[in-house]
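Residue numbers (full-length UniProt numbering): 1 to 1033.
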């Protein structure tokens, strides 16, 4: 879950593929803003190491050299312009998990010949342009079940003859534009744009009512500009623009439709029909910018000072270089274009050079190429002062080669200004170079601010990379690579502060954001790096051995409420095949240039230059809480999109999770499960039942030696609870019926609210206020009333909304925006009101909240939950052990367990680190660690309060103060405890973990408040005893 909540999209069944549905699988938040390139053009283009989307046919498995098909290869597939493309003419695509399990053509021969859209990184692979680090594969709908004739193998459907009248009733396009997303509509209209000018064989269609809409069929329909057609498709939306997708039926018609181009002004554009042709007269062209695919963006301004953005897609056949031969900055033109919307802003989309009629050329400026230094290009700011200028550079040394057209150079003679970087990215487009590290080069080109790899919204959130788009590169000889800036030695990253002035001042000494920008493109080094967590997406997060960060028990760094861990350094590896975990470390120097992607600065590293890697002592843990006949154990576990579909949830994952429950958690009496999908996972066919998913897990637990659990949930309404489309993610419970039972009451429905009546729930299982609009697209909290040894316990399983929508720490929005908190606070208030009502009716009620709250123990979300008689056990837990998740280098507690305060004197609590610090190769089963609490419901335990715990994690284990205490290996700290654990069995009652007593073990405010409550209760008890003694005397 990224914080931006990264939920792994899984669960694609082959049955859905053969049914012809539009289905997809992604292993990262889908980068729908990846540049789309026609498959016919891709082999002739230079790779960009940026995200690219290509549509083509799955031909066959490729061998490791890409020269022939290999029937047993599950890693590589050939993507062709047709299903019969020769092996050497295909685009080689590298599959990684879980895409490999879903789309390898060895296990899924039914996919051969299917039309797909693949998104991944444009890289050289098998000696030619290919796609690596694949993040998304979509199988496109080539034929509806209502169409008897299947699509042609080439992906083009034969155009039937025109009919006098449409055979189906068409809905006006204006009505469709206001319709519900996901609804199927039949429309008629005239094609007013070029076809495939924006990829996907799409075009704009205008109806007889004057309204227009974009059509994205995915496959060629064999129509052209000016044709009048009727078609059926599904209403969708892309970046705020309505479009019709998944075209299932189409035909030409003879209806005559007038589509005049409307002359208007920029001020009147908001009042005009979207997806129609408009024209502006006498507007002035702004600065024309280009990306690595020669797409052009600029603004035009009218005489009144009104401005609108223009985007010319190179798939129209017009590259930036072509456009610049026709118009340039300062020209006054008449512009014709399609009026559209992109990310909530108006955007004009021309698609032919004839749409730019020059009225008056700008005053001619002499073309000059200025000889400069890298420091002058970079400047003391986040954007180059020379952007869009032609420059020449001499005496630059190549420091790192990304690909044959992308590399880094650094000035051989630095400018000695710590605010200006001496390194820069060079992009040569189609100009092939064979430069090597150590080459001394001279070059000339244009300075650009390049938007690198990132999420779909990166234009709004990410900083840019200063680069030179070089038109000439000359190797003059060789030279020593400049010595790196050693982080923590030569220069120190500012502590705690990322940015505190909203970019008002460029201050690398105070702001970490400015610090990294002052080194952009320069070679930096990390000595004896400590590894903070597992490798993912070729990235390893480290901190220097001499760094100032305090490490937790597994060798990681905990997220803090009082500042940022700015000394965390992301390494972006060229190959990234290492198997690492928290606590591992390098001995020696790691060096590379500073780059930027996905809202974060990173250090590029060539794997072949890495120093020795050493394994640390961190091992997966086993809880020290032992089963006891009279004590109830409750676990919380996010099992990451778990379903009965073995293609999306592998057998190995099921076995690892089952082992966690039995061996690592000692078979808890109740388990709150988070992220349970329906029986067929992400297959979007209306299935909501998850009984088969649960049965699969229960059988695996039994096979691992655990009990025969009973599973309960309330199936959500189809696609109403967020998560992956079709997955119907939900929370549920496993419970051991030999130890605990549901109360003898009805079970609620998806829309029925559970309520308190006389201090108990009116249902044995129910959802909390499920029809409240705050729960839209979120997993509804599930409340269950269990009975243990005659005592009732109410358990609330939660999975609140993700952090999607929050901006990144090192992004261009400062201070950062935490938009997702607004919804979580509203949901937390609903839950707090619910527990408040119950505890008001019955102050002795045993209430437990558990789950993935998608927020940390020190946040307002948890504070709201604690405000009415609940206490968060994570907040009271040992600071060095306080985490359940790893993201962007920080350990953090998205998962929490809260109990009613009447239980604070009789619990044991543990956070069992079996996943977050590790990779699958270590046995990782999920991206979250499980949490466990044991409750003594028989009586209150009176003991002497212990000394408070240290407030910050340390490299040494704290002394045992009565709570579950683990060292880095998860073992008990004393020899006596070790012997006890080794001799214990799952059902043993010997030497159970001590039940928690009142104590102060806190970092955040919430723990202080809980301790204050306990101290106050103790003082009140003492006063009452003294009062009784006075009465007796």
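Beta carbons are placed, not taken as given, at the ideal position from N, Cα and C, and that holds for glycine.
Task: N- and C-terminal bounds of the alpha helix (DSSP H) containing residue 412 - done: It is not in any alpha helix (DSSP H) - residue 412 carries neither H nor E in the DSSP assignment.
TODO: Within the same chain, show all residues whose beta-carbon is closer than 7 Å to that of residue 344, passing over the 5 residues directly before and after it, in chain order.
DONE: Spatial neighbours of residue 344 in its own chain (CB-CB distance under 7 Å, excluding positions within 5 residues in sequence) are listed in chain order as 240.
Open item on the list: Less than 6 Å between C-beta atoms, sequence neighbours within five positions excluded: which residues of the same chain meet that for residue 70?
Closed with: 61 and 63
Task: Of the listed residues 913, 258 and 933, nearest to residue 848 (C-alpha basis) - done: 933
TODO: Give the range of the beta strand (DSSP E) segment to which residue 794 is assigned.
DONE: 791-799
Open item on the list: Between 37, 912, 812 and 59, which has its C-alpha nearest residue 504's C-alpha?
Closed with: 812
- [ ] Look at the alpha carbon of residue 272 and the alpha carbon of residue 183, and state the distance between them as a whole number of angstroms.
- [x] 25 Å
Open item on the list: Let me make sure I understand the geometry here. Which of 135, 742 and 612 has the alpha-carbon closest to that of residue 1087?
Closed with: The structure shown does not extend to residue 1087, since the chain spans only 1 to 1033, so no value can be given for it.
Open item on the list: Taking the beta carbon of residue 242 as the centre, do at least 16 other beta carbons fall within 10 Å, making it buried, or is it exposed?
Closed with: buried
Open item on the list: Quick check on residue 162: does DSSP put it in helix, strand or coil?
Closed with: Residue placement at residue 162 is poorly supported in this model, since its pLDDT is 48, which falls under 50; the coordinates are not used for a value here.
- [ ] Check whether the Cβ of residue 632 lies closer than 8 Å to any Cβ atom in chain C.
- [x] No chain C is part of this structure, which consists of one protein chain only.
Task: Stretch-stretch touch, CB-based, cutoff 8 Å, three pairs: the region 336-343 with the region 282-296 - done: no
Open item on the list: Is the separation between the beta-carbon of residue 796 and that of residue 846 shorter than 8 Å?
Closed with: no
Task: Three-state class that DSSP yields for residue 515 in the structure shown - done: Here DSSP, grouped into helix, strand and coil, assigns residue 515 to helix.
- [ ] Jot down the residue ranges of each uninterrupted beta strand (DSSP E) in the region 731-805, minimum 3 residues, whole runs only, in chain order.
- [x] 765-767, 782-788 and 791-799
Task: Inter-residue Cα distance where the pair is residue 237 and residue 491 - done: 47 Å
TODO: Let me know the secondary structure DSSP gives residue 298 once reduced to three states.
DONE: strand
- [ ] Put residue 79 into one of helix, strand or coil per three-state DSSP.
- [x] strand
Open item on the list: Does the structure place the region 867-880 close enough to the region 612-630 that three or more beta carbon pairs sit under 8 Å?
Closed with: no
Task: residue 61 in three-state terms, based on DSSP - done: strand
TODO: Please classify residue 334: does DSSP put it in a helix, a strand, or coil?
DONE: DSSP places residue 334 in strand when its eight states are reduced to three.
Task: For residue 345, the residue or residues it bridges with in DSSP - done: According to the DSSP secondary-structure assignment, residue 345 is paired through a beta bridge with 342.
- [ ] Would you check if the region 553-560 and the region 405-421 touch, i.e. whether three or more CB-CB distances between them fall below 8 Å?
- [x] no
Open item on the list: So, under 8 Å CB-CB, residue 696 and residue 755 are touching, yes? Tell me the CB distance rounded to an integer number of Å.
Closed with: Actually they do not touch by this definition, with Cβ atoms about 33 Å apart.
Task: Close Cβ partners of residue 352 (< 8 Å) along its chain, the five nearest in sequence each way excluded - done: 194, 316 and 318
Open item on the list: Given 7 Å as the limit, tell me if residue 644 has its C-beta closer than that to any heavy atom belonging to the ligand NAP.
Closed with: No copy of the ligand NAP appears in this structure; indeed no ligand is present at all.
- [ ] Would you give the residue range spanned by the beta strand (DSSP E) that residue 318 belongs to?
- [x] First-last for residue 318: undefined, no H or E at that position.
Task: Beta-carbon proximity list for residue 234, same chain, < 6 Å, skipping 5 on both sides - done: 184, 245 and 246
Task: Reference residue 294, options 88, 35, 592 and 203, closest by Cα - done: 35
Open item on the list: Can you give me the C-alpha to C-alpha distance between residue 257 and residue 220, rounded to a whole angstrom?
Closed with: Rounded to whole angstroms, residue 257 to residue 220 spans 23 Å at the Cα level.
Task: residue 274 vs residue 253 beta-carbon contact at 8 Å - done: Not in contact: residue 274 and residue 253 (Cβ atoms no closer than 8 Å).
Open item on the list: To the nearest angstrom, how far is the alpha carbon of residue 666 from that of residue 750?
Closed with: 32 Å
Open item on the list: Is it buried or exposed, residue 820, if we count other Cβ atoms within 10 angstroms and call 16 or more buried?
Closed with: buried
Open item on the list: Cutting at 6 Å between CB atoms, please list the residues of its own chain near residue 445, excluding the five before and the five after it.
Closed with: So the qualifying residues of the chain are 468, 469, 470 and 471.
- [ ] Would you check if the distance between the CB atom of residue 130 and the CB atom of residue 57 is smaller than 8 Å?
- [x] no
Task: Between the CA atoms of residue 534 and residue 887 - distance to the nearest angstrom - done: 10 Å
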